[in-house]
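Encoded as structure tokens, the structure appears first; notes follow it.
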């Protein structure tokens, strides 16, 4: 009996250490990406200021902007906030974190509009395209808020305790992604 308990304790300790290593590695990668964002933004300076750019991936021709450097500058100006908002969304544990999806979808829409059209007006945002996303996100946030205030009025708990109670904390990255869709 003593030997099996010792083995179970060892197995729990090993799985706990593996989980801690995974958390440390994930945290390190996220912290590195966040710390590198100012450098990633200035990637456009390493691109030539001309209309055609030959790389080993192929030839890129900038028809609208007449400068590949301006295209990369514009894309990094959209991609960096999108990356930071995505990190914030997947690491945020507050009840209102679904509201972060609205600017995420806005940046995705702007990037797709920029990539798919040859127009200078890609940043002219058509709010009507966001209505389906907002029709799902805003009521869900309101319902969560209503549940919190209903519990506050009926139970003697602090707001932090209620937030912790309503927060879903998946253990894997796939679990985190699955919880949102």
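In our numbering, the protein residues as written are 26 to 206.
Don't be surprised by glycine CBs; every beta carbon is placed ideally from N, CA and C.
All values reported here derive from a predicted model rather than from experimental measurement.
- Task: Would you identify the three-state DSSP class for residue 121, choosing helix, strand or coil?
- Result: Working through the chain shown from its first residue, we reach residue 121 at position 96. In the structure shown, residue 121 sits in coil (DSSP, three-state: anything other than H, G, I, E or B).
(Q) If the criterion is Cβ atoms closer than 8 Å, does the pair residue 107 and residue 162 meet it? (A) As a first step, residue 107 is located in the chain shown; it is residue number 82 there, counting from the start. As a first step, residue 162 is located in the chain shown; it is residue number 137 there, counting from the start. Contact flag unset, no.
Between the region 72 to 81 and the region 111 to 121, can you find at least three pairs of beta-carbon atoms closer than 8 Å?
no
*DSSP on residue 26, reduced to helix/strand/coil?*
Here residue 26 corresponds to residue number 1 of the chain shown, with the count starting at 1. Confidence is the limiting factor: at residue 26 the pLDDT is only 49, short of 50, which leaves the residue's position unreliable, though a coordinate-based value still follows. Residue 26: coil per DSSP, three-state reduction.
So which of 164, 55, 140 and 131 has the shortest CA-CA distance to residue 89?
Counted from its first residue, the chain shown places residue 89 at position 64. Answer by Cα proximity: 140.
If you run the structure through DSSP and keep just helix, strand and coil, what is residue 84? Taking the first residue of the chain shown as 1, we reach residue 84 at position 59. The answer is strand: DSSP assigns residue 84 an E or B state.
Counterpart residues of residue 74 in DSSP-defined beta bridges: Taking the first residue of the chain shown as position 1, residue 74 is located at position 49. Residue 74 pairs with nothing; no bridge assigned.
ask   = If residue 129 and residue 66 are in contact, beta carbons under 8 Å, what's the gap, nearest whole angstrom?
value = Residue 129 sits at position 104 when you count from the first residue of the chain shown. Residue 66 sits at position 41 when you count from the first residue of the chain shown. With a Cβ gap of about 18 Å, residue 129 and residue 66 do not count as contacting.
query: What do you get for residue 48, buried or exposed, if any count of 16 or more other CB atoms within 10 angstroms of its CB means buried?
result: Stepping through the chain shown from its first residue, residue 48 is reached at position 23. With fewer than 16 other Cβ atoms within 10 Å, it is exposed.
Is residue 199 buried or exposed, if buried means 16 or more other CB atoms sit within 10 Å of its CB?
-> Against the chain shown, residue 199 aligns to sequence position 174. The residue in question, residue 199, is exposed, as its Cβ has fewer than 16 Cβ neighbours within 10 Å.
- Through-space distance from residue 172 to residue 132, alpha-carbon basis: On the chain shown, position 107 is the one that residue 132 refers to. On the chain shown, position 147 is the one that residue 172 refers to. The alpha-carbon atoms of residue 132 and residue 172 are separated by roughly 30 Å.
* Please check the pair residue 58 and residue 101, which I expect to be a contact at CB under 8 Å, by giving their CB distance rounded to whole angstroms. => Here residue 58 is taken as the residue at index 33 of the chain shown, counted from 1. Here residue 101 is taken as the residue at index 76 of the chain shown, counted from 1. Not quite, the Cβ-Cβ distance comes to about 14 Å (not below 8 Å), so this is no contact.
Environment of residue 103 [buried if 16+ CB atoms lie within 10 Å]:
Start at 1 with the first residue of the chain shown, and residue 103 comes out as number 78. Its Cβ being crowded by 16 or more others within 10 Å, residue 103 is buried.
What is the rounded straight-line gap between the Cα of residue 62 and the Cα of residue 56?
-> Here the question's residue 62 lines up with position 37 in the chain shown. Here the question's residue 56 lines up with position 31 in the chain shown. One C-alpha to the other measures close to 10 Å.
- Message: By the DSSP assignment, the alpha helix (DSSP H) with residue 129 in it spans what residues?
- Response: Position 104 of the chain shown, counted from the first residue, corresponds to residue 129. Start and end: 126 to 141.
(request) Can you tell me which of 91, 120, 157 and 84 puts its alpha carbon nearest to the alpha carbon of residue 169? (result) Along the chain shown, read from residue 1 onward, the residue named residue 169 stands at position 144. The shortest Cα separation from residue 169 among 91, 120, 157 and 84 belongs to 120.
- Contact check, residue 93 vs residue 73 under 8 Å by CB: the rounded distance? Locating residue 93 in the chain shown gives position 68, counting from the first residue. Locating residue 73 in the chain shown gives position 48, counting from the first residue. Yes, residue 93 and residue 73 are in contact; Cβ-Cβ is about 6 Å, under 8 Å.
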